[in-house]
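**Student:** Quick note, the sequence shown lines up with residues 23 to 254 if you use my numbering.
Backbone N, C-alpha and C define an ideal beta-carbon position, used for all residues, glycine too.
Just so it is clear, the structure is predicted and the values come from calculations on it, not from any experiment.
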Amino acid sequence: MEKLIQLQGIDTKLRDLNDLLGDLPSKVELLNQQEESKKNSLSEGKKRLKELEVETKKREREIAQIDDKISKIKDQLFLVTNNKQYDALMTEMDHFKDKKSALESETISFLEEKEELTDSIKTLETELSELSDDLQQRRKKLESAISESADEKLLLEKQRKEKVDTLDVNIISVYDKVMGAREGIAVVPIVGSGCGGCGAHIPHKLLPKSVRGLQFIVVICVDGFYITKKYL
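(1) Grouping DSSP H, G and I as helix and E and B as strand, with all else coil, what is V210?
(2) Of the choices I193, L189, L176 and L157, whose alpha-carbon is the least far from that of P47?
(3) At what residues does the alpha helix (DSSP H) containing F100 begin and finish?
(4) Return the first residue and the last residue of the alpha helix (DSSP H) that N40 is part of.
(5) If you follow the alpha helix (DSSP H) that R161 is part of, which residue opens it and which one closes it?
(6) Return the first residue and the last residue of the alpha helix (DSSP H) that D198 is part of.
(7) Looking at C-beta atoms only, is the number of pairs between the stretch 103 to 122 and the stretch 167 to 181 that lie closer than 8 angstroms three or more?
(8) Use the C-beta contact count for L74: other C-beta atoms within 10 angstroms, 16 or more gives buried, fewer gives exposed.
(9) Flag this pair as yes or no: are the beta carbons of G67 and I143 separated by less than 9 angstroms?
(10) Report the rounded CA-to-CA distance for K180 versus L43, giving the unit in angstroms.
(11) Which whole-angstrom value describes the C-beta separation of L189 and K25, a residue pair presumed to lie in contact below a C-beta threshold of 8 angstroms?
(12) Is it right to say F132 is buried, meaning 16 or more other beta carbons lie within 10 angstroms of its own, or is it exposed?
(13) Here's the rule I'm using: 16 or more other beta-carbon atoms within 10 Å means buried, otherwise exposed. How should A208 be labelled?
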């Protein structure tokens, strides 16, 4: 029974060490995920921006080539000798004009997307900078807190393993089950005739005769089940 009390004491200290960190580890993890997400978005945005620049320049070159072809067709119009040649040149020129119009529409669309993307990238860079600063500060706090408690935690974990090795596996199994169900509390004192953990009344007949009447004994309680002396 004394070993279980000692084990609970060790686990309580370990829990207290984790409580000192509070929700800092989860916040740091969340910020890590947010930072990674923004970095990916920023990378994709810059990649798309380069693609838009390439496509815009490509369209501009194609438009310049079409303008040159249209100019040459206009020069040829003064040299035609019949309506058939004139109509053929006009049809060809209309085709190039339609193609130029389509390219200009694409170029405008690219420029609009480029402008929006540039603004978005600037916003992302600002947000990422602020997030990284916040994350760096929280990381330092977390590392400091972990460093301060590292030696004590290692010692407690070593003591816990040594204590567990001396206990029956069936008792440890129940102990761990209760620990998970009762937020880290499995071994508690009997207060009056009730469980010091959940407050439930413990029938007198369930208590070992050797401990009846004592002011402090140990009980493992889960859903009305009590481990008595025959298990301890």
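**Tutor:** Taking the definition as stated:
(1) strand
(2) L157
(3) Per DSSP, F100 belongs to no alpha helix (DSSP H) and is neither H nor E.
(4) E24 to L43
(5) Following the DSSP letters along the chain, one finds R161 inside the alpha helix (DSSP H) bounded by residues N105 to D187.
(6) V191 to A203
(7) no
(8) buried
(9) G67 is a Cβ neighbour of I143, given a cutoff of 9 angstroms.
(10) Distance between the alpha carbons of K180 and L43: 21 angstroms.
(11) 6 angstroms
(12) buried
(13) buried
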